[in-house]
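Throughout, the numbering used here is defined as the position within the sequence shown, counted from one, plus 154. See structure below.
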Amino acid sequence: MAVSVVAALSAACSHAPRCDRLLAGGQVHTPAGVQRLEVAVEAGRIVALVSPGDAGAWRRAAAEVVDVSGAHLYPGFTESHGHLAGHGASIEQVDLRDVPTFAEVVERVKRAAAKVPPDRWVLGWGWDQNRWPEKAFPSHAALSAAVPDHPVLLRRVDGHAVLTNARGLAAAGITAATKDPPGGRILRDASGSPTGVLVDTAANLLDRAVPAPTAMDIERRVLLACNDLAAFGITEFQDAGTGRDELAVLRKLEGEGRLPLRVYVMLDGGDDQLLDGEFAAGARVGVDGMLAVRAVKLFADGALGSRGAWLAQPYTDEPETRGLEVTPEARLEDVIRRAAKAGFQPCVHAIGDAAVTRVLDLYERELGPGGAALRPRIEHAQVVRPADVPRFATLGVIAAVEPTHCTSDMPWAPARLGPERIAWAYRWRSLLDAHARLCLGSDVPVESPDPRLGLWAAVTRRTPQGTPSEGWNLAEALTSAEAVAGYTSWAAYAAFEENWRGTLVPGNAADLTILDRDVEVGGAAEILQAKILRTVVAGRDVFVARSGT
Ligand SMILES: [Zn+2]
Numbered sequence: 155m156a157v158s159v160v161a162a163l164s165a166a167c168s169h170a171p172r173c174d175r176l177l178a179g180g181q182v183h184t185p186a187g188v189q190r191l192e193v194a195v196e197a198g199r200i201v202a203l204v205s206p207g208d209a210g211a212w213r214r215a216a217a218e219v220v221d222v223s224g225a226h227l228y229p230g231f232t233e234s235h236g237h238l239a240g241h242g243a244s245i246e247q248v249d250l251r252d253v254p255t256f257a258e259v260v261e262r263v264k265r266a267a268a269k270v271p272p273d274r275w276v277l278g279w280g281w282d283q284n285r286w287p288e289k290a291f292p293s294h295a296a297l298s299a300a301v302p303d304h305p306v307l308l309r310r311v312d313g314h315a316v317l318t319n320a321r322g323l324a325a326a327g328i329t330a331a332t333k334d335p336p337g338g339r340i341l342r343d344a345s346g347s348p349t350g351v352l353v354d355t356a357a358n359l360l361d362r363a364v365p366a367p368t369a370m371d372i373e374r375r376v377l378l379a380c381n382d383l384a385a386f387g388i389t390e391f392q393d394a395g396t397g398r399d400e401l402a403v404l405r406k407l408e409g410e411g412r413l414p415l416r417v418y419v420m421l422d423g424g425d426d427q428l429l430d431g432e433f434a435a436g437a438r439v440g441v442d443g444m445l446a447v448r449a450v451k452l453f454a455d456g457a458l459g460s461r462g463a464w465l466a467q468p469y470t471d472e473p474e475t476r477g478l479e480v481t482p483e484a485r486l487e488d489v490i491r492r493a494a495k496a497g498f499q500p501c502v503h504a505i506g507d508a509a510v511t512r513v514l515d516l517y518e519r520e521l522g523p524g525g526a527a528l529r530p531r532i533e534h535a536q537v538v539r540p541a542d543v544p545r546f547a548t549l550g551v552i553a554a555v556e557p558t559h560c561t562s563d564m565p566w567a568p569a570r571l572g573p574e575r576i577a578w579a580y581r582w583r584s585l586l587d588a589h590a591r592l593c594l595g596s597d598v599p600v601e602s603p604d605p606r607l608g609l610w611a612a613v614t615r616r617t618p619q620g621t622p623s624e625g626w627n628l629a630e631a632l633t634s635a636e637a638v639a640g641y642t643s644w645a646a647y648a649a650f651e652e653n654w655r656g657t658l659v660p661g662n663a664a665d666l667t668i669l670d671r672d673v674e675v676g677g678a679a680e681i682l683q684a685k686i687l688r689t690v691v692a693g694r695d696v697f698v699a700r701s702g703t
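The following block contains the structure:
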């Protein structure tokens, strides 16, 4: 008996040196197509993909055999643009998404305030006046009457405006005499008094009055977010604007081996002290690839919903404004130049057509002929003038897009942009046909991080409820294979990772998202039905669905 075990082990060893885990019985989505293969994992990597008939030695060598019979194994999904600590904070805050009226916002905040001692801030997020019957920004009177003893900060769904009450305005020292800061607006009533809505940089006036989260708060939120994301099949999170306190927490978690997901950091481009330190240290990717610090996030403009996106021509539904240049051109130029010199990837938020043109111009001018090697990114790239479409490929600029922004914005975006410019919006097919590279994400917590919703929106240009039935400007949709690539191999390219993750081939990281079905060939209807069975990062399970769910 003992002899035969030794013989079996040594036979296994000669063909299958070592194997921590064998994922057996699944359909594996490889670059060569979908194949029935066993996935052998050792020390966080895929060491072999073996056809079931040849897997005997691996099966015997494996410390653990995981039965994934019938499941579909995809490269681990990557969230290409989101806000990690912000997502964690949003899980903890008053959730105002899908609230149909301002009165209901007031009611929910009142209920939350009742559980918080007086004078402590009540934080909330996710409101969207476009969902309310009046479709106009609210005024704080009803909120101030219902919540008189707590300062309140309610962030709009796009993060580009906040709503506060009288206590909040007082805490921030905002009065009728306060001037609009550059790049921001304090909305006012007919008498000039603040309405409680603060747009873009004006929101900073209020943010500054809220006590900063402690390192413990941030760590709790990061881990809360990671656990939530793992249940959606996310294996890597590209964090669009990591602050210095968040970075310190991420480094601590990485050092302690407690970071559940890979995090690709885009440093907060507004913090010079942070940038100076990181640029001097140089781009760094952790030995096991769990934490990468090699990118910088900047803002060229605001968002379309709050009319902060910077347009070349006025808003169709508010002709007195063209939106906001959130960061002066000289500042963008300076940070892009310093980032390039330090070998960091610039990632600039640009939503309006004027902002996109400016960022492309800056990349062309500041990065020069070799600039494509830095893989510069434009985050969102929502409204792109026809003349700018081919420039993405020419300059090697990656468009980091969020499919669910399209389907969330489609009810009101035509009014903002008018009939000509609406054809320039969310134009993924135009960009791909012009050989641009894309990567896909959600901008969580702006949208749900569920990649099934992103895949569905990318492929159908419809809401999850199926409207409009013909798809909104369907000519700009992606195929399901392209959409999956946007969450896997393309997202890996956008983070310089395509040589070691993003595809299922031997040698690559064992990052897998395991679904109960094929979301590529089954037709779009299969996407929303798909169940996430297991999420694997570096060979370890970070999520396993309970059986029967
Ligand atoms: Zn964002």
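Backbone N, C-alpha and C define an ideal beta-carbon position, used for all residues, glycine too.
CB-CB length for residue i against residue j, believed under 8 Å
i	j	result
Val613	Thr642	Not confirmed; about 15 Å, so no contact.
Gly198	Ala526	Contact flag wrong, Cβ pair sits at about 31 Å.
Gly712	Leu465	Coverage of the chain is limited to positions 155 through 703, which leaves residue 712 absent and any answer about it impossible.
Gly230	Val659	Incorrect: roughly 13 Å between the Cβ atoms, too far for contact.
Val598	Gly210	About 43 Å; that fails the 8 Å criterion.
Val417	Leu445	5 Å
Gly397	Asp422	5 Å
Val705	Asp672	Residue 705 is absent from the structure shown; the chain starts at 155 and stops at 703.
Continuous beta strand (DSSP E) stretch holding residue i: start and end
i	result
Cys593	Arg591 to Leu594
Leu177	Arg175 to Ala178
Lys451	Leu445 to Phe453
Leu360	It is not in any beta strand (DSSP E) - Leu360 instead sits in the alpha helix (DSSP H) that spans Ala357 to Asp361.
Arg339	Gly338 to Arg342
Leu549	From DSSP, Leu549 is part of no beta strand (DSSP E) but of the alpha helix (DSSP H) over Val543 to Leu549.
Leu378	Per DSSP, Leu378 belongs to no beta strand (DSSP E); it is in the alpha helix (DSSP H), Ala369 to Ala385.
Thr349	Pro348 to Asp354
From the options, residue whose alpha carbon lies closest to that of residue i
i	options	result
Val222	Val253, Asp252 and Arg190	Arg190
Lys451	Ala493, Gly462 and Val439	Ala493
Gly381	Glu680, Asp273, Asn662 and Asp604	What sits at residue 381 in the sequence shown is Asn, not Gly. Ranking the options by Cα distance to Asn381, first place goes to Asp604.
Gly595	Thr621, Trp644, Trp578 and Arg583	Trp644
Glu261	Ala356, Ala215, Val248 and Pro272	Val248
Arg175	Arg321, Ala202, Lys264 and Asp563	Ala202
Phe498	Ala684, Val419 and Ala299	Val419
Arg476	Leu486, Arg485, Ala463 and Glu483	Ala463
Val638	Lys685, Gln619, His183 and Pro271	His183
Asp665	Gly327, Lys495, Arg694 and Phe650	Arg694
Lys269	Asp430, Val301 and Ala295	Val301
Ala178	Ser701, Thr511 and Ala194	Ala194
Ala554	Gly640, Thr318 and Ser293	Gly640
Where residue i falls: helix, strand or coil (DSSP)
i	result
Val691	strand
Ser234	strand
Lys333	coil
Gln683	helix
Trp281	strand
Glu192	strand
Asp597	coil
Val480	coil
Met420	strand
Val538	coil
Asp442	coil
Arg199	strand
Val253	coil
Leu415	coil
Leu163	Low confidence applies to Leu163: its pLDDT is 41, below 50, so where it sits in the model is not reliable, and the reading given next is rough at best. In this structure, Leu163 counts as helix in the three-state DSSP scheme.
Leu404	helix
Ala170	Residue confidence for Ala170 is low, a pLDDT of 49 falling below 50, so the modelled location carries little weight and cannot support an answer.
Trp184	Correcting the residue identity first, residue 184 is Thr in this sequence and not Trp. DSSP places Thr184 in strand when its eight states are reduced to three.
Val263	helix
Ser701	coil
Leu227	strand
Val489	helix
Asp221	strand
Bounding residues of the alpha helix (DSSP H) (the contiguous stretch that carries residue i)
i	result
Ile328	Element bounds for Ile328: n/a, residue is neither H nor E.
Leu428	Asp426 to Ala435
Asp393	Not the alpha helix (DSSP H): Asp393 falls in the beta strand (DSSP E), residues Ile388 to Thr396.
Gly572	Ala567 to Arg575
Asn517	With the sequence shown as reference, residue 517 is identified as Tyr, and Asn is not the correct amino acid for it. First-last of the alpha helix (DSSP H) with Tyr517: Asp507 to Leu521.
Pro605	Pro605 to Thr614
Ala211	Gly210 to Ala215
Chain C within 8 Å of residue i, Cβ atoms only
i	result
Gly423	Among the chains in the structure shown there is no chain C, since it carries only a single protein chain.
Cβ-heavy atom distance, residue i to ligand 3, below 7 Å
i	result
Ala394	With respect to ligand 3, the structure shown offers nothing to examine, as its ligands consist of ligand 1.
Alpha helix (DSSP H) runs wholly inside the region 284-315, at least 4 long, in chain order: Taken in chain order, the complete alpha helix (DSSP H) segments of 4 or more residues contained in the region 284-315 are 295-300.
Every unbroken alpha helix (DSSP H) inside the region 642-682 [4 residues or more]: Counting only runs of 4 or more residues that sit fully inside the region 642-682, the alpha helix (DSSP H) segments are 643-647, in chain order.
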